[in-house]
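Accompanying notes for the structure given below.
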Ligand code: DGP
């Protein structure tokens, strides 16, 4: 199936790009990536008000909020996007949704509704190439997204 094959090829290209990052020295000891703003926040090099943290993820408010509540749940480990997540990242991905539920309760948006979004790649609008989930709430949202 041509379409299926091209999707596979795209996934392989993304994994290659991620592997290249891992092998060209951008990765520092401890899994951080040079010049990655979210790696720097995870490492505490850039101050941020941490709202939630566990072994796998941290959460803080988005600097450019698109809703009354707009949080980011960010993996401690540098993964370029959801397209590079692997089976071994299962615990990390479970932590993401535990963080989302806990934060939604705390921010009082659980009962009204929450949008959880992860952008992967340029066309999707991903600006920061480090896996993160937007948690938005506090207003009515439309569909489809822009
Ligand atoms: P995305 O486009 O999905 O890659 O979203 C990246 C988000 O990260 C964007 O909404 C703005 C936010 N952001 C970028 N840099 C910083 C920062 O230094 N601090 C905080 N709190 N948010 C940031």
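In this note's numbering, the protein residues as written are -16 to 129. Quick reminder that beta carbons are idealized off the backbone N, C-alpha and C, glycines included. None of the values given here were measured: they were computed from a predicted structure.
Looking at residue i and the ligand DGP, is the gap between the Cβ and the nearest heavy atom below 7 angstroms?
i, result
"residue 90", "no"
"residue 67", "no"
"residue 33", "no"
"residue 29", "yes"
"residue 41", "no"
"residue 129", "no"
Taking 8 angstroms as the cut-off, decide whether the C-beta atoms of residue i and residue j are in contact.
i, j, result
"residue 114", "residue 84", "no"
"residue 79", "residue 116", "yes"
"residue 94", "residue 75", "no"
"residue 34", "residue 86", "yes"
"residue 77", "residue 56", "no"
For residue i, name the three-state secondary structure that DSSP assigns.
i, result
"residue 76", "helix"
"residue 85", "helix"
"residue 54", "strand"
"residue 59", "coil"
"residue 103", "coil"
"residue 98", "strand"
"residue 67", "helix"
"residue 122", "coil"
Going by other Cβ atoms of all chains shown within 10 Å of its Cβ, with 16 needed for buried, is residue i buried or exposed?
i, result
"residue 25", "buried"
"residue 64", "buried"
"residue 15", "buried"
"residue 89", "exposed"
"residue 62", "buried"
"residue 97", "buried"
"residue 30", "exposed"
"residue 92", "buried"
"residue 8", "Because residue 8 sits at a pLDDT of 48, beneath the cut-off of 50, its placement in the model cannot be relied upon, and the point is left open."
Please decide whether residue i counts as near chain C, where near means a Cβ-Cβ distance under 8 angstroms.
i, result
"residue 61", "The question asks about chain C, but that chain is absent: this structure has only one protein chain."
Original post:
Within the chosen definition, does the segment 38 to 45 reach the segment 96 to 112 through at least 3 CB pairs nearer than 8 angstroms?
Top reply: no
Original post:
Are three or more beta carbon pairs between the segment 116 to 127 and the segment 46 to 55 nearer than 8 angstroms?
Top reply: yes
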